[in-house]
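Here is the structure we will look at, set down as structure tokens.
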Ligand code: HEC
Ligand code: HEC
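In this note's numbering, the protein residues as written are 222 to 537.
Listed below in structure tokens is the structure:
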């Protein structure tokens, strides 16, 4: 099971932001006349900023570096802080190890255990390392050191050489465990018409990890008991978006897709009580495994039921 909290690609987002700054439209020649300040960025200046590399290798400069060359360079320029085997020295980040630790209470996130794309490693080293002299490495040196860090993680063999053309083919072990971010703040839609009067709105929030006194069901009755003027986040659609869509929106792992009436017809015939039970207790059928509550064991039974009602309503 992909682990939600460990799977948000923070590093990728950070670089995405940098990249978009780097390629922001430059002033055109006539703009500086119009606004009376600034001067057009030269092609050279733009090239200096436009150094991001994408997972498919786009943006990589020509070059090549072997694990063997990287070993020497790494020892000289990186081992001091990151350790000869990437194990980390005096609190600097470890670059290797931590395999299978992502679900531990204290996961060890490294290039090998956590990172998604090799391009991020190339980009990070090129952009930011060594810590005290960023952008001091030649492109070939970056290829070589990147190759060596991959080798330290048992991802490539010692006789491997990394190039512009094969970098996108080197896949990191955790690549497939990144999933779309389903948290509500990334998905909620703004109300644009026929909205409630803000003065009458009280937000009662729901936090998946928070279990109120009286168990999870107490939270539900607490918010559902208040009718008028109260906007609660506990709706079937809301629970579905946050906890079920990651499989049921795209059919991940064989999950019947929301709105696919053919896939749902036979299931709905079983009766809603059976669907509730299968969603709450989990269910293994011919198509795959529906984990209990979709894997979100902190959900109240009543919340799961609301999501089932929503799915049924959308999939008739
Ligand atoms: C003086 C100490 C130092 C040296 C030398 C150094 N680094 Fe770093 N490195 C750091 C620090 C500090 C960070 C964390 C920076 C941050 O989080 O902003 C880091 C982060 C990294 C990361 C990201 C780790 C992660 O999981 O977030 C990589 C990859 C990396 N360094 C590679 C290298 C390579 C390759 C070299 C040699 C070319 C190198 N570093 C040299 C201190 C150093
Ligand atoms: C990790 C993926 C995953 C998540 C998350 C998930 N489901 Fe499922 N669900 C499945 C799969 C796979 C099946 C199909 C199992 C089969 O029939 O082989 C399924 C089937 C179902 C069924 C039909 C059961 C039946 O008897 O045919 C219901 C109802 C359902 N899910 C509800 C939910 C609800 C509600 C949520 C969110 C709280 C949810 N699921 C989250 C994977 C998931």
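Every residue gets a Cβ at the ideal spot worked out from N, C-alpha and C, and that includes glycine.
When 308, 344, 349 are compared, the shortest CA-CA separation from residue 330 is found for 308. Residue 456 is positioned such that its CB atom lies no closer than 8 Å to that of residue 520.
Inclusion of residue 400 and residue 469 in the CB contact set at 8 Å is not warranted, their separation being larger than that value. Non-local C-beta neighbours of residue 355 in its own chain, meaning closer than 8 Å and more than five positions away in sequence, comprise 348, 349, ordered along the chain.
With a 10 Å radius around the Cβ and a threshold of 16 neighbouring Cβ atoms, residue 292 comes out buried.
In the DSSP assignment, residue 500 falls within the alpha helix (DSSP H) that extends over 493 to 502.
Counting along the chain, no alpha helix (DSSP H) covers residue 421, and no H or E run does either.
Residue environment analysis places residue 505 among the exposed positions, since fewer than 16 neighbouring C-beta atoms fall within 10 angstroms of its C-beta.
At a Cβ-Cβ threshold of 8 Å, residue 285 and residue 378 do not count as neighbours. Scanning its chain for C-beta atoms nearer than 7 Å, with the 5 sequence neighbours on each side dropped, one finds around residue 306 the residues 317, 373, in chain order. CA-to-CA, the gap between residue 283 and residue 387 works out to about 11 Å.
In the structure shown, residue 341 falls within a helical segment according to DSSP collapsed to helix, strand and coil.
Between residue 492 and the set 364, 411, 394, 529, the nearest pair of CA atoms involves 529. In this structure residue 276 is not in contact with residue 368, their Cβ atoms being roughly 17 Å apart against a cut-off of 8 Å. Its chain contains 285, 286, 287, 368 as the residues whose beta carbon lies nearer than 7 Å to that of residue 382, once the 5 sequence neighbours on both sides are disregarded; these appear in chain order.
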